[in-house]
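In my numbering, the protein residues as written are 4 to 267. Cβ coordinates follow ideal geometry from the N, Cα and C atoms, glycine included. Small disclaimer: the values here were computed from a predicted structure and weren't measured. Below: one structure, written as structure tokens.
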């Protein structure tokens, strides 16, 4: 018998990660209990905030208030070889700490696993015990945009660099493993501007073959193709993205019959 009945693997996807909240709401409305979660990048933040006991509505409100320029400190020393990213996320880290009751993984109501990329060794590291906040920041530290995060002497960046969904780490412990992929590749108009190109390149990088192999071990995948048009930021579209996640999950749970399986 598996340790957990239902596990969720939440992908990265910057602001598109708010689709996870819509999907979780659909699970709640169908009476499906979530027993364990994994998260990559934005998915790690959603998983942790939800496992901490915050409601879907509270988490959505938190991110709707999160304006990019209020959440970062600009690093003007990057061109002197210091920092490793254009911004530091100290303001966001403080807001995250204020939002969360938990300070360690063990404090959470639901167990979670968070992935980050070891910048020196070049592999994925999974965090599931001990101090919580730093691994969350590391998992969502987009390279070049945000400074790498040092944990126990090692430097970490966005977990999505190696794989944008962390499913294998949960597979053996779950009777049913559901992957929610909010950042699928689709055709997208790109300008020659640095922001447009950078956003597109990052999407392509984090959706490589390793992401596909991780998705393959899931029993069910919820894809949110309609979220493709949204960029990395722009929380003014939070309600639209939430709705996309909700509708995609309801399609699988209700119309495809998965709700009965996950509750049986």
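Outcome for residue i when other beta-carbon atoms lying within 10 angstroms are tallied against a minimum of 16
| i | result |
| --- | --- |
| residue 88 | In this prediction, residue 88 scores a pLDDT of 42, lower than 50, which makes its location untrustworthy; no coordinate-derived value is stated. |
| residue 4 | exposed |
| residue 82 | Here the model assigns residue 82 a pLDDT of 39, short of 50, so the residue's position is not dependable and the matter cannot be decided. |
| residue 79 | Low per-residue confidence applies at residue 79: pLDDT is 39, beneath 50, and the placement is therefore not dependable, though the value from the model is reported in the following sentence. Looking at its Cβ environment, which holds fewer than 16 other Cβ atoms inside 10 Å, residue 79 is exposed. |
| residue 28 | buried |
| residue 161 | buried |
| residue 163 | buried |
| residue 170 | buried |
| residue 248 | buried |
| residue 182 | buried |
| residue 267 | exposed |
As assigned by DSSP and simplified to three states, the class of residue i
| i | result |
| --- | --- |
| residue 129 | strand |
| residue 86 | The pLDDT assigned to residue 86 is 48, lower than 50, so where the model puts this residue is not dependable; a value taken from the coordinates is nonetheless given after this. Coil, per DSSP. |
| residue 255 | helix |
| residue 228 | helix |
| residue 59 | helix |
| residue 278 | The shown model of the chain, from 4 to 267, leaves out residue 278, and the question about it has no answer. |
| residue 26 | helix |
| residue 215 | helix |
| residue 185 | coil |
| residue 241 | helix |
| residue 17 | helix |
CA nearest to the CA of residue i, picked from the options
| i | options | result |
| --- | --- | --- |
| residue 241 | 118, 16, 22, 37 | 22 |
| residue 243 | 7, 13, 24, 14 | 24 |
| residue 56 | 172, 169, 112 | 112 |
| residue 124 | 96, 137, 158 | 158 |
| residue 264 | 150, 178, 139, 214 | 178 |
| residue 141 | 266, 96, 217, 183 | 96 |
| residue 101 | 121, 65, 231, 222 | 65 |
| residue 105 | 54, 261, 172, 155 | 54 |
| residue 109 | 150, 59, 51, 68 | 51 |
| residue 122 | 184, 99, 152, 130 | 152 |
| residue 166 | 31, 46, 26, 10 | 46 |
4-residue-minimum alpha helix (DSSP H) runs that sit fully inside the region 131-158, ordered along the chain: The qualifying runs are 136-142.
Does the region 90-108 touch the region 13-21, meaning 3 or more C-beta pairs lie closer than 8 Å? Contact between the region 13-21 and the region 90-108 is absent, because fewer than three Cβ pairs lie under 8 Å.
Kindly confirm or deny that the region 114-121 and the region 33-53 touch, where touching means at least three C-beta pairs closer than 8 Å. Touching, yes.
Evaluate the contact criterion for the region 30-37 versus the region 132-144: three or more CB pairs, one atom per stretch, below 8 Å. Cβ pair count under 8 Å is below three, so no.
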